[in-house]
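Undergrad: Just passing along the structure, written as structure tokens.
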Amino acid sequence: MKPRRFDYVRPDGADEAVAVLAEYGDAASVLAGGQSLMAMLNLRIAEPAVLIDIGRLGELDYVRLAGDKVEVGAAVTQNRLKDWPELAARLPLLAAALPFVGHFQTRNKGTVCGSIAHADPSSEIPLSLATLGGEVVLRSRRGTRVLAAADFQCGMLTTAREPDELIAAVRFPVQATRQVAFREVARRHGDFAIIAVAACVEAGNAVRIGIGGVADRPAVRHATMNGAADAKDMFESLAWELEGYDDVHASARLRRDLLRRVGPLVVEEALRCAA
Ligand SMILES: Cc1cc2nc3c(=O)[nH]c(=O)nc-3n(C[C@H](O)[C@H](O)[C@H](O)COP(=O)(O)OP(=O)(O)OC[C@H]3O[C@@H](n4cnc5c(N)ncnc54)[C@H](O)[C@@H]3O)c2cc1C
4 MKPRRFDYVR PDGADEAVAV LAEYGDAASV LAGGQSLMAM LNLRIAEPAV LIDIGRLGEL
64 DYVRLAGDKV EVGAAVTQNR LKDWPELAAR LPLLAAALPF VGHFQTRNKG TVCGSIAHAD
124 PSSEIPLSLA TLGGEVVLRS RRGTRVLAAA DFQCGMLTTA REPDELIAAV RFPVQATRQV
184 AFREVARRHG DFAIIAVAAC VEAGNAVRIG IGGVADRPAV RHATMNGAAD AKDMFESLAW
244 ELEGYDDVHA SARLRRDLLR RVGPLVVEEA LRCAA
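According to my numbering, the sequence shown holds residues 4 to 278 in order.
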């Protein structure tokens, strides 16, 4: 299928992008890398009157340290962040997770913020942002507000973004240790995860655990692990708590089973990982 007719705006700056969003509201769609939006247009799942192309806005194309956070602007592609020289030292979880996001070609166009905006429960970047306790910076003509990742993603493909708001940037807290592990189960490398598990050791045996692909949004837990039995028990109860869902890729039961098997391995790997 082909998309419905739409107007195309390529603003000169973020102010202009926000002004067009204020004018059109939910009749407008922001076009970043187009790796999800183009398919939605072609399938007519999205039928905007106007596309606002922010993909080439230089002022939003930055990765910078802002205090104890790494701020990533809305025009930064997934490959640009993956190749950021400080990534492994500052954000080892993202360094482990980004190679699983699609393919080299899709990462060359797809943006970090576009993935957050799209809010697929199986996506690796929203999972990493939630696990690390990151933030989303939303800009509109009314001003700027900052939401915790946990408050931003409200459900499957659903976020707290208002129609006139642009995601200007996301902020990932710099990690205290390099003890991380990330694994996912997918049909093929580069496919969306059926389930994904992230673990980051904060100090000693205290671990932050993020789970993607099982609930309608990333689930994050903090736990102190005193041995392999703790991790096994935790994932056993999490599998029932998060329930899972059926789709064309897997049943809810398979998702729960994968979580029970993969989860403890990821936590053990993070705890074993030398600082
Ligand atoms: C073959 C293929 C495989 C893929 N595999 C994976 C995978 O394994 N894991 C994964 O996570 N993703 C995967 N993706 C999706 C990919 O990561 C997309 O890049 C991402 O979901 C969207 O980023 P984008 O920049 O392309 O956004 P777009 O497609 O341009 O936009 C997506 C949505 O977000 C909105 N949006 C984008 N940017 C902003 C902003 N700054 N402010 C407000 N709204 C905004 C758009 O309006 C649209 O609704 C895959 C895509 C393809 C084509």
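Every residue gets a Cβ at the ideal spot worked out from N, C-alpha and C, and that includes glycine. Predicted model, so just to flag it, every value in this text is computed and none were measured.
#1: Determine contact between the stretch 6–20 and the stretch 82–89, defined as no fewer than three beta-carbon pairs at a distance below 8 Å.
#2: Distance, Cα to Cα, A278 vs G28?
#3: In angstroms, rounded to a whole number, what distance separates the CA positions of D250 and Q38?
#4: I'd like to check one pair, R164 with A218: are the Cβ atoms closer than 8 Å?
#5: Quick check: the Cα distance between C116 and Q156, rounded to an integer number of angstroms?
#6: Go through the stretch 150–227 residue by residue and report every complete run of the alpha helix (DSSP H) that reaches 4 residues or more, in order.
#7: Please determine whether the Cβ atom of C157 lies at a distance below 7 Å from any heavy atom of ligand 1.
#8: Where D64 and N229 are concerned, what is the direct C-alpha to C-alpha distance, given to the nearest angstrom?
#9: Do you know whose CA, among A253, I214 and Y248, lies nearest V270's CA?
#10: Kindly identify the DSSP beta-bridge partner or partners of L94.
#11: Using C-beta distances below 7 Å, list every residue in its chain close to L132, excluding the 5 sequence neighbours before and after it, in chain order.
#12: For R13, I'd like the list of residues in its chain whose CB is within less than 6 Å of its CB, leaving aside the five on either flank, ordered along the chain.
#13: According to DSSP, is S125 part of a helix, a strand, or is it coil?
#14: Is DSSP giving I55 helix, strand or coil here?
#15: Bridge partners of Y11, per DSSP?
#16: Could you give the distance in angstroms between the alpha-carbon of G266 and the alpha-carbon of A242?
#17: Does A20 come out as helix, strand or coil in the three-state DSSP assignment?
#18: Shorter than 7 Å, the distance from the beta carbon of C116 to the closest heavy atom of ligand 1, or not?
#19: Just to check, is the beta-carbon of I198 closer than 7 Å to a non-hydrogen atom of ligand 1?
#20: Can we count H121 as close to ligand 1, meaning its CB is less than 7 Å from some heavy atom?
#21: What's the gap between the Cα of A196 and the Cα of A202?
TA: Quick answer:
#1: no
#2: Indexing the sequence shown from 1 puts residue 278 at position 275. Indexing the sequence shown from 1 puts residue 28 at position 25. Per-residue confidence for A278 stands at a pLDDT of 44, beneath the threshold of 50, marking its modelled position as unreliable; the derived number appears in the next sentence. Answer to the nearest angstrom: the Cα atoms are 47 Å apart.
#3: On the sequence shown, position 247 is the one that residue 250 refers to. On the sequence shown, position 35 is the one that residue 38 refers to. One C-alpha to the other measures close to 21 Å.
#4: Residue mapping note: residue 218 aligns to position 215 of the sequence shown, counting from 1. Residue mapping note: residue 164 aligns to position 161 of the sequence shown, counting from 1. Contact: no.
#5: Counting from 1 along the sequence shown, the entry for residue 116 is found at position 113. Counting from 1 along the sequence shown, the entry for residue 156 is found at position 153. Going from the Cα of C116 to the Cα of Q156 covers about 13 Å.
#6: If one requires a minimum length of 4 residues, the alpha helix (DSSP H) runs lying completely within the stretch 150–227 are 152–155, in chain order.
#7: Looking up residue 157 in the sequence shown gives position 154. Distances between the C-beta of C157 and the heavy atoms of ligand 1 are all 7 Å or more.
#8: Within the sequence shown, the letter at position 61 stands for residue 64. Within the sequence shown, the letter at position 226 stands for residue 229. Straight-line spacing of the CA atoms in D64 and N229 works out to 43 Å.
#9: If you number the sequence shown from 1, residue 270 lands on position 267. Among A253, I214 and Y248, the Cα nearest to that of V270 belongs to I214.
#10: Within the sequence shown, numbered from 1, the residue matching residue 94 stands at position 91. Bridge partners of L94: none, in fact.
#11: Along the sequence shown, read from residue 1 onward, the residue named residue 132 stands at position 129. These residues qualify, in order along the chain: I119, A152, V173 and F175.
#12: Against the sequence shown, residue 13 aligns to sequence position 10. Non-local C-beta neighbours of R13 in its own chain, meaning closer than 6 Å and more than five positions away in sequence, comprise D56, ordered along the chain.
#13: Here the question's residue 125 lines up with position 122 in the sequence shown. Of the three classes helix, strand and coil, the one that applies to S125 here is coil, per DSSP.
#14: Residue mapping note: residue 55 aligns to position 52 of the sequence shown, counting from 1. Residue state, collapsed to three classes: strand.
#15: On the sequence shown, residue 11 is found 8 positions in, with the first residue counted as 1. Its beta-bridge partners are L54.
#16: Position 263 of the sequence shown, counting from 1, holds the residue named residue 266. Position 239 of the sequence shown, counting from 1, holds the residue named residue 242. Cα-Cα distance, rounded: 10 Å.
#17: On the sequence shown, residue 20 is found 17 positions in, with the first residue counted as 1. DSSP places A20 in helix when its eight states are reduced to three.
#18: For the purposes of this step, residue 116 is identified with residue 113 of the sequence shown, where counting begins at 1. Yes, the beta carbon of C116 sits closer than 7 Å to at least one heavy atom of ligand 1.
#19: Working through the sequence shown from its first residue, we reach residue 198 at position 195. No, ligand 1 has no heavy atom inside 7 Å of this Cβ.
#20: Sequence index remark: in the sequence shown, residue 121 carries index 118 (1-based). Yes, Cβ of H121 sits closer than 7 Å to a heavy atom of ligand 1.
#21: As a first step, residue 196 must be located in the sequence shown, where it is residue number 193. As a first step, residue 202 must be located in the sequence shown, where it is residue number 199. Looking at the two C-alpha atoms, the distance is approximately 16 Å.
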